[in-house]
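Numbering (my numbering), first residue to last: 23 to 376.
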C-alpha cells in the first residue's frame, strides 16, 4: 500500500466471538463495555458507535469509510466476506449504494465472485446496447422518482459494469493464485481463506474489508467447542494474517481489529456454557502504527466488570475514524431530518495514536 494515500486502509475482522484469548505480541487487547446484551442491538452498537433507535438505522463504520474516503482503485471500497449479515453491516440512512460488496466464501472449490463474467454467448457490444436501452427507459422513471431508489440502482449497475470490465479487480479475487502452502497456513476454513482473501483485497486497494465468523454463541458446551474448533481456527487465521501483512509491508498502514458484539458471563451456566455479558469484553487491535505489546484496562478478579481504563464503544469507533483521517464529530442528516454525528459523543483514545 502506498503510504502517501490519505489515512489508513482498514481491514476489520468482525468475528462473533465468545471470548478472545489470542494475543499477539504486536497487538493491543482493550476492555470494552456497552449496555446492549441482545445480539442485533449489540451488533448495531459495535458496528456504528450508536445505541440503536427504532426510528433510525445508523450506518456501519465501513460504509462511512467508503463514503468519506471513496475508491482507491477499481475495487469497491467496502467489501464483506462472505457478505453483510444484517442491517448492522449496512449503510442505513446513507443509502444502499454505500452497502458493502458481498463476495461469498472463498473456502470452496473453484471459488468465483458471482456475475463478474459475461453470460455465455453475450459480448460487450451487446451489453453496451442493452445498457443504452436501459438508460432510455430509466430516464422517464427517473423524472418521477423522489425516493432515490433509481439513484441507488444506478450506483449498483455502475459498480457492476466497472468490476466486469476490470482485470485488476478480477485478479484480486483470484485466491487460487496464492501458494498452496500459504493457503494451508491460513487454514482451509471459511475464516482462514476469508482472511487471506481480505489481505489480497487490501493489497489491491480496498478501503475496508470485513470477515465474519458466526456460531460463537456458546450457551452450552463452550469448552470443547472453543478448544477443538473455534480457537484453533481463529489463532491460525489471525496470526498468519498479521505475519503476512507485516512481510508485505502492509501492517503499518492497515488496522486489524478482532471484536465481538459483547462478552460472555464469567459464570458457567447449567448447560456448561456462557451467556451474554456486555459489561466487560475484549477487542484486539494491531497495525496502523499502534505501539503493540500492551494491555489497556483490567477487570476485577472475576472478570465481571472493568476495574480501570474502560473503553466505551463510541470511543473506539471515534479512534478508528481518527486513524483514517475522518472527522468523528462530522454530522449527517438522517432519514427523519435529524442531524447525526458519526458516533454517540465518542472521544478518540490517545493511547492508540502512539
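Every residue gets a Cβ at the ideal spot worked out from N, C-alpha and C, and that includes glycine.
Fair warning: this is a prediction, and the values are worked out from it, not measured in the lab.
Chain-order list of residues whose beta-carbon lies under 6 Å from that of residue i (same chain, five-residue window excluded)
i           : result
residue 202 : none
residue 40  : In this prediction, residue 40 scores a pLDDT of 28, lower than 50, which makes its location untrustworthy; the coordinate-derived value is nonetheless stated afterwards. Only 238, 240, 286 meet the Cβ criterion.
residue 362 : 354, 356
residue 331 : 318, 319
residue 126 : 104
residue 325 : 288
residue 60  : none
residue 299 : 285, 286, 287
residue 81  : 113, 114, 116
Nearest-angstrom beta carbon gap, residue j and residue i [assumed within contact, 8 Å]
i           : j           : result
residue 6   : residue 327 : Because residue 6 is not part of the residues shown, which for the chain are 23 to 376, the question remains open.
residue 128 : residue 190 : Not really, about 18 Å apart at Cβ, beyond 8 Å.
residue 79  : residue 114 : 4 Å
residue 244 : residue 295 : 5 Å
residue 333 : residue 306 : No, residue 333 and residue 306 are not in contact; Cβ-Cβ is about 13 Å, not under 8 Å.
residue 329 : residue 322 : 5 Å
residue 67  : residue 52  : Actually they are not in contact, since the Cβ atoms of residue 67 and residue 52 sit about 16 Å apart, beyond 8 Å.
residue 54  : residue 335 : 6 Å
residue 283 : residue 102 : So it is not a contact: roughly 16 Å between Cβ atoms.
residue 358 : residue 77  : 6 Å
residue 195 : residue 130 : The Cβ separation is near 13 Å, so there is no contact.
Cut-off 7 Å between Cβ atoms - residues of its own chain near residue i, not counting five sequence neighbours on either side
i           : result
residue 138 : 185, 186, 192
residue 341 : 370, 371, 374
residue 197 : 128, 133, 215, 218, 219, 222
residue 47  : Note on residue 47: pLDDT 35, under 50, position unreliable in the model; no value is reported.
residue 213 : 233, 235, 255, 256, 259
residue 95  : 190, 226, 227
residue 210 : 129
residue 311 : 274
Endpoints, beta strand (DSSP E) assigned at residue i
i           : result
residue 330 : 328-330
residue 208 : From DSSP, residue 208 is part of no beta strand (DSSP E) but of the alpha helix (DSSP H) over 202-208.
residue 211 : From DSSP, residue 211 is part of no beta strand (DSSP E); its letter is neither H nor E.
residue 276 : 276-281
residue 304 : 303-309
residue 362 : 361-363
residue 102 : 100-103
residue 355 : 353-355
For residue i, the first and last residue of its enclosing alpha helix (DSSP H)
i           : result
residue 128 : First-last for residue 128: undefined, no H or E at that position.
residue 341 : 335-346
residue 91  : 83-91
residue 67  : 61-70
residue 194 : 189-194
Cβ-based neighbour list, residue i, same chain, cut-off 8 Å, excluding 5 preceding and 5 following
i           : result
residue 99  : 87, 88, 91, 92, 93, 228, 229, 230
residue 199 : 193
residue 293 : 241, 242, 243
residue 351 : 363, 364
residue 182 : 137
Q) On the three-pair Cβ rule with 8 Å, is the stretch 245-252 touching the stretch 193-209? A) no
Q | the stretch 364-375 in contact with the stretch 67-75 per 3-pair CB rule at 8 Å | A | With the cut-off at 8 Å, the stretch 364-375 and the stretch 67-75 touch.
Q: Take every Cβ of the stretch 229-247, pair it with every Cβ of the stretch 103-114, and state whether three or more of those distances are shorter than 8 Å.
A: yes
Q. Would you call the stretch 118-125 and the stretch 75-93 in contact, with 3 or more CB pairs under 8 Å?
A. yes
Q) Taking the runs of the alpha helix (DSSP H) that are 4 residues or longer, which of them lie wholly in the stretch 213-264? A) Listed in chain order, the complete alpha helix (DSSP H) runs (minimum 4 residues) inside the stretch 213-264 are 244-247.
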